[in-house]
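**Student:**
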Amino acid sequence: MSTYQEKLKDPRWQKKRLEIIDRDGWKCSVCGDNKNMLAVHHCEYMNGNEPWDYPGGLLVTLCEKCHSKEHSKFLEDEINDFIFQSCGFGILKSDISNLFKVILEQGYGREKLLNLTNNIRDDAIGSGVFRILRMLKKIELYISSNDKTNNEII
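Each residue of the sequence shown is one higher than the one before, counting from 8 in our numbering.
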């Protein structure tokens, strides 16, 4: 089974990527940048689809800066949904909010992320803790993919 990063090296994705960039005139669809590295962004993810199996209408060319902003917005929405849903698991919203705020502001790596779980109240034991750990993993992956130059990150 290939990782997502390996799939992005697949010739089928490379072909699709070039088709989308060509369609969008070799510039960022948001800001018009045509000098920096361009990425093809999946506007929506469909479970079970390979990166190259998406219709062109769900793919858009973005510069690195706009692509990073898009993923940042996605993560923020996902965190807000997570906080809302977790309140039913006996997890205090303020605990989760404070936890994520620190994570996002400080750019914590794996070790620090795991240590932060100690800030969760004891009444959060159970399925809620596993949900938090899954969300922390998503944040960890986001931080590591967007800050490869920082040696403290993963």
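A virtual CB, placed ideally from N, CA and C, is assigned to each residue, including glycine.
What separation, rounded to the nearest whole angstrom, lies between the Cα atoms of Cys50 and Gly63?
**Tutor:** Going by the C-alpha atoms only, they are around 10 Å apart.
**Student:** Using 10 angstroms around the beta-carbon of Lys23, count the other beta-carbons present and answer buried if the total reaches 16, otherwise exposed.
**Tutor:** When all chains shown are included, Lys23 counts as buried.
**Student:** Could you check what DSSP says for Leu66 in three-state terms: helix, strand or coil?
**Tutor:** Strand.
**Student:** Which residues in the same chain have their Cβ closer than 8 Å to the Cβ of Leu66, if we skip the five residues on either side of it in sequence?
**Tutor:** Excluding residues within five positions, the ones whose Cβ falls inside 8 Å are Lys23, Ile27, Val47, His48, His49, Cys50.
**Student:** With the cut-off set at 8 Å, would you say Glu71 and Asn43 are in Cβ contact?
**Tutor:** Yes.
**Student:** Would you mind working out which of Cys38, Ser75, Pro58, Thr68 sits nearest Ser9, comparing C-alpha positions?
**Tutor:** For Ser9, the nearest C-alpha among the options comes from Pro58.
**Student:** Given Arg30, which residues of its chain have a CB within under 7 Å of its CB, disregarding the five upstream and five downstream residues?
**Tutor:** Same-chain partners within the cutoff: Gly63.
**Student:** In angstroms with no decimal places, state the Cα-to-Cα distance between Ile33 and His74.
**Tutor:** A small correction: the amino acid at residue 33 is Trp; Ile does not occupy that position in the sequence shown. For Trp33 and His74, the distance between alpha carbons rounds to 15 Å.
**Student:** When the Cα atoms are used, what is the spatial distance from Arg19 to Tyr11?
**Tutor:** Cα to Cα, Arg19 sits roughly 13 Å from Tyr11.
**Student:** With a threshold of 7 Å on Cβ separation, who are the neighbours of Val37 within its own chain once the five nearest residues in sequence on each side are excluded?
**Tutor:** Contacts found: Leu69, Cys73.
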